[in-house]
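Trainee:
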Amino acid sequence: DIQMTQSPSSLSASVGDRVTITCRASQSISTYLNWYQQKPGKAPKVLIFAASSLRSGVPSRFSGSGSGTDFNLAISSLQPEDFATYYCQQTYRTPRTFGQGTKVEI
Amino acid sequence: EVQLVESGGGLVQPGGSLRLSCAASGFILSDQYMDWVRQAPGKGLECIGRTRDKANNYITEYAASVQGRFTISRDDSKNILYLQMNSLKTEDTAVYYCAREEPRQGWNFDYWGQGSLVTVSS
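Residue numbers (this note's numbering), protein chains in the order written: chain A, 1 to 106; chain B, 1001 to 1122.
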């Protein structure tokens, strides 16, 4: 199975901050990398697919980059509704695997 | 509007069985790859099973943790996806989500059910 490793596991930030989350794959996955946001008690929602494509309806302050094994999710100006847990996921091979999550706290 | 609505969760004793349902609307279930994802309390996301679409013969794949105990099936006439869970263990306690894969957008999981809590305890 492809292992996905996110860093950091958690971070504290303030409204208006720029935040970057990193995801590393145990082997090359091209750009088959997605980012999800999950709030407590809710299902995850996709933000970014194929490493850098913004899902329709997602605010433009979210952006993704990377290819191969190293990827980033950036939030340009953190808003109150962005405090959540973020997961990366590879869809290059089955089983689809997720990173362990990054909790963004105030 | 695409929707996935889950049902069937609850409390079950170790060794017992449970079947989860995922009712799909707004799209034709047989045309889509579908997945079951679980999340143990306070933990991350784990894909436990996947079924291909009708064109690919509904081939299923399972995580090692559930292989031989869990089975994914569909009722195309009702547009419902199922997860049959047998020989349940305490470590199967989790919220279970069904999710749709979108092959045109990097196979991301573009729609999710609301989640169904399964608690395995004596």
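Each residue gets a CB set at the ideal place from its N, CA and C atoms; glycine is no exception.
Note that the structure is predicted; figures quoted are calculated from it, not measured.
1) Looking at the structure shown, is L11/A part of a helix, part of a strand, or coil, going by DSSP?
2) State yes or no: is the beta carbon of T97/A nearer than 9 Å to at least one beta carbon in chain B?
3) Using the beta-carbon of each residue, which ones in chain A are nearer than 7 Å to N1108/B?
4) Among F49/A, P80/A, R61/A, which has the Cα closest to the Cα of T20/A?
5) Does DSSP put Q1105/B in a helix, in a strand, or in coil?
6) Can you tell me where the beta strand (DSSP E) holding D1075/B begins and where it ends?
7) For a test of the three-state rule: what should DSSP assign to A1040/B, helix, strand or coil?
8) Below 7 Å between beta carbons is the criterion; list the residues of the stretch 1041-1061 of chain B that meet it against any residue of chain A, in chain order.
9) For the candidate residues M1034/B, Y1096/B, G1015/B, W1112/B, whose alpha-carbon lies nearest to that of N1056/B?
10) Which residues of the stretch 1088-1122 of chain B have a Cβ closer than 7 Å to any Cβ of chain A? Give them in chain order.
11) By the three-class DSSP mapping on this structure, what secondary structure does N1057/B have?
Mentor: With the structure as the only source:
1) strand
2) Chain B, which has a Cβ nearer than 9 Å to the Cβ of T97/A, makes this yes.
3) Within 7 Å Cβ-Cβ: N34, V46, F49, T91.
4) R61/A
5) helix
6) 1070-1075
7) coil
8) G1044, L1045, C1047, R1050, E1061
9) Ranked by how close their Cα comes to the Cα of N1056/B, the residues M1034/B, Y1096/B, G1015/B, W1112/B have M1034/B in first place.
10) Y1097, Q1105, G1106, W1107, N1108, F1109, D1110, W1112, G1113, Q1114, G1115
11) Coil at N1057/B, not helix or strand.
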